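As you go down the protein sequences, you meet chains A and B in turn. All residue numbers for the first sequence refer to numbering that gives the first Met the number 0, where the first residue is 0 and numbers rise by one. All residue numbers for the second sequence refer to numbering that gives the first Met the number 0, where the first residue is 0 and numbers rise by one.
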Amino acid sequence: MASDDIWILGIAMTKFGKHSDKDIVDLGAEAVMAALTDAGISMREIGVLAAGNLMGGGGFGQMLQKQVGQTGIPVYNVTNACATGATALRTAIMAVRAGEVKFGLAVGAEKLAGAGLLGGGGSAKKDGNKWEPKGRFGSVAPTDGRIGTDTMPGTFAQVGMEYGHKYGGVSFELFARISEKNHAHSVLNPMAAYQKRFTLDEIMNDMMISYPNTRPMCSANCDGAAAAVVCSGETLKSLSPEQQRRAIKVTASVLTTDPYQEACQVLPDVNTLTRNAAKIAYEQAGVAPSDLDLVELHDCFATAELVHYDNLMLCPEGSAADFFDSGATWRTGSTPVNVSGGLQSKGHPIAATGIANVWEICHHLRNEAGSRQIVGAKVGLAHVIGLGSACGVHILERSGR
Amino acid sequence: MPTQIPHVSYLELGDRPHLVAHECVACGARFFDRRNACANCFGTEFRKAMVATEGVLRAFTIVAFAAPGVPVPFVAGIVDCAGTSVRANVINVDPTPEKVALGMKVRLTTYSLGVDDEGVEAVGFGFEPAP
């Protein structure tokens with residue numbers, strides 16, 4: 000191991016689902032303590048804490064320290080939409096890489112069970128009012144629902160449909176079959192919020208949320224947390240053989256935002272920044288998409304998974320539908336995607352997602368994934384995207400020891 | 000005293016309602032909202048540019064589940080108006096996958112959002128199928 004390599008020494012996630020008896024600090028503490036145990040170190044050794052939480056009131060990191068150890072280290076409270084967890088991880092990695100700390104800790108926790116529809120809204124005009132232009136669009140009434148949609152299911156539905164317009168080959172059924180795959184995968188994941196296999200008919204005939212996304216094709220709002228301990232190769236050399244054996248190398252850690260594109264003001268562009276992040280990540284890691292043994296990508300909606308096959312360059316440009324049809328992304332295929340069940344069944348406690356998907360990859364690279372193990376997995380990629388936008392990509396490799 | 004007010008400031012009413020964008024003088028990037036500088040080239044000079052009133056539906060969704068107070072179902076979409084992307088509802092059409100198609104030709108139309116206490120009518124826009 001090279002001295003300046005970055006390694007995940009310990010990583011953990013809580014079960015995703017409904018944790019009505021726990022608050023975000025409980026969930027975060029559970030993940031942190033498990034990650035420290037997994038790493039074989041204590042809070043005393045941690046030099047920096049990057050704490051992600053999106054929907055809480057702020058100050059999550061300090062609240063968490065009160066429950067797991069107030070050692071006076073710097074806390075970075077981070078929010079970056081659905082890329083919050085990946086941003087926390089990247090923050091800890093940057094601190095280690097800069098040589099400021101030996102061990103960095105990243106955590107993401109969210110309480111989202113029963114949150115319902117995200118995005119959209121705005122109060123209706125009351126009777127007796129006067130039309131008055133407000134905001135940057137000078138609007139006299141809410142625009143959501145009158146000038147397009149602000150809802151997440153609707154936004155990502157359009158992302159998938161736009162891909163269809165550009166390249167053809169998409170249909171309601173195609174998107175539903177992507178969801179069928181992820182729900183089928185979830186049956187093997189005891190950490191998933193939902194472990195239910197659906198038939199294609201059940202998915203297509205479930206409640207329509209925003210065509211072509213029905214309810215099971217949407218990410219599941221739930222509670223959960225995940226945490227990771229990172230260190231440098233130099234530090235890892237000083238640790239025990241067992242710690243070295245289980246450590247997972249972070250060969251790429253990338254965060255991007257959406258560069259200007261003509262249409263990005265009317266439909267968030269989730270493509271360019273993902274493609275940019277992927278390009279940088281493959282270059283950093285020195286691997287090609289064909290080297291990936293498994294991928295956890297941001298399937299916040301079935302319509303999103305399709306476009307990210309292309310954005311992550313898992314298939315030639317424009318051929319995501321054919322790629323899926325070939326069976327490549329099933330766990331038995333050439334590039335298994337979302338063997339955890341993905342956000343549609345594992346769940347999407349926003350700030351936890353970007354670390355939990357790294358946990359899933361590490362679990363396979365450590366050969367500890369039990370019945371859902373991808374046999375012989377050596378290299379994996381974890382991807383998240385948050386609207387606004389932010390994209391995190393991490394490539395991980397097993398140590399080979 | 001005007002009798003009509005547009006839903007958003009980038010809708011110009013009158014005999015031929017149309018959308019207007021803030022166009023960056025330096026690079027031509029178009030924005031519907033107020034901008035401090037151009038997101039593409041950082042230029043700070045903008046001019047008004049009329050957006051074509053006909054276009055092609057490049058993406059759509061049929062929203063069946065929305066925030067309280069938003070009537071459903073409705074068709075939300077992205078219209079390519081001769082190179083300028085516009086976000087809008089597709090109206091005057093059945094909100095079903097059988098009646099709305101990617102690539103369909105649409106044109107700008109307006110409708111009333113209601114009248115306030117002072118008798119001013121707010122006017123919104125959408126796109127409807129074009130022959």
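Glycine residues also receive a C-beta, built at the ideal position from the N, C-alpha and C atoms. As the structure is a prediction and not an experimental result, all values here were calculated from the model.
Query, Result
"Inter-residue spacing [alpha-carbon to alpha-carbon] between A49 (chain A) and Q61 (chain A)", "10 Å"
"Extent of the continuous alpha helix (DSSP H) to which M190 (chain A) belongs", "No alpha helix (DSSP H) holds M190 (chain A); DSSP gives it neither H nor E."
"Where L112 (chain B) meets chain A, residues with beta-carbon distance less than 7 Å", "A140"
"Coarse secondary structure for W358 (chain A), derived from DSSP in three states", "helix"
"Neighbour list for E233 (chain A) in chain B, Cβ cutoff strictly below 8 Å", "Result: empty, since nearest Cβ-Cβ is about 41 Å, beyond 8 Å."
"Distance between D143 (chain A) and D20 (chain A) (C-alpha atoms, nearest Å)", "35 Å"
"Interface residues of the stretch 21-41 of chain B facing chain A [CB-CB below 9 Å]", "A28, R29, F30, F31, D32, R33, R34, C37, A38, N39 and C40"
"C-alpha gap between H307 (chain A) and G232 (chain A), whole angstroms", "31 Å"
"Option nearest F59 (chain A) by Cα separation, candidates A:V31, A:P211, A:V253 and A:T13", "A:V31"
"Limits of the beta strand (DSSP E) - the one that Q3 (chain B) falls within", "Q3 to P5"
"Where R400 (chain A) sits in the DSSP three-state scheme", "Legend: pLDDT at R400 (chain A) = 47, less than 50; position of this residue unreliable, value from coordinates given subsequently. In this structure, R400 (chain A) counts as coil in the three-state DSSP scheme."
"Minimum Cβ-Cβ distance from M54 (chain A) to chain B less than 8 Å", "no"
"Neighbourhood of V122 (chain B) by C-beta, 8 Å cutoff - its chain only, sequence neighbours within 5 removed", "Q3, I4, P5, H6, L10, L12, P16, T109, Y110, S111 and L112"
"Residues that H18 (chain A) bridges to, as DSSP identifies them", "DSSP lists no partner for H18 (chain A)."
"For V79 (chain B), the first and last residue of its enclosing beta strand (DSSP E)", "It should be noted that the sequence gives Asp, not Val, for residue 79 (chain B). That run of the beta strand (DSSP E) goes F73 to C80."
"Within 8 Å, strictly: CB atoms of R397 (chain A) and I247 (chain A)", "yes"
"Members of the stretch 238-266 of chain A that neighbour chain B once the beta carbon cut-off is set at 7 Å", "Y259, E261, A262, Q264, V265 and L266"
"G223 (chain A) vs L26 (chain A) beta-carbon contact at 8 Å", "yes"
"Own chain, CB closer than 7 Å to C314 (chain A), minus 5 neighbours either side, in chain order", "Y308 and F322"
"Selection of the stretch 50-65 of chain B by Cβ proximity to chain A, strictly under 7 Å", "R57, A58, F59, T60, I61, V62, A63, F64 and A65"
"Backbone secondary structure at G206 (chain A) - three-state DSSP", "It should be noted that the sequence gives Met, not Gly, for residue 206 (chain A). Correct three-state label for M206 (chain A): coil."
"Per DSSP, the bridge partner or partners of M49 (chain B)", "B:V19"
"8 Å Cβ cutoff, E161 (chain A) in contact with chain B", "yes"
"Close Cβ partners of G55 (chain A) (< 7 Å) along its chain, the five nearest in sequence each way excluded", "I23"
"Paired residues, beta bridge with H393 (chain A) - DSSP", "A:S252 and A:A381"
"Reference V85 (chain B); option with closest CA among B:V24, B:A38 and B:V55", "B:V55"
"Span separating the alpha-carbon of A97 (chain A) from that of E127 (chain B)", "56 Å"
"C111 (chain A) and I349 (chain A) closer than 8 Å at C-beta", "Going by the sequence as given, residue 111 (chain A) is Leu instead of Cys. Yes."
"Proximal residues to N356 (chain A) (C-beta, below 6 Å), its chain only, five neighbours per side dropped", "E295 and A381"
"Through-space distance from G340 (chain A) to I77 (chain B), alpha-carbon basis", "31 Å"
"Burial state of K195 (chain A) (16 or more Cβ within 10 Å)", "exposed"
"Nearest-angstrom beta carbon gap, H164 (chain A) and N337 (chain A) [assumed within contact, 8 Å]", "The pair is not a contact, with the Cβ atoms about 25 Å apart (cut-off 8 Å)."
"Validate contact between the stretch 383-393 of chain A and the stretch 366-374 of chain A using beta carbons, cut 8 Å, 3 pairs", "no"
"Pick from A:D268, A:Y75 and A:N220 that is closest to I415 (chain A), judged by C-alpha positions", "Nothing can be reported for residue 415 (chain A): it is not among the residues displayed for chain A, which extend from 0 to 400."
"Under 9 Å from the C-beta of N128 (chain A): neighbouring residues of chain B", "D115 and D116"
"For Y259 (chain A), three-class secondary structure by DSSP", "coil"
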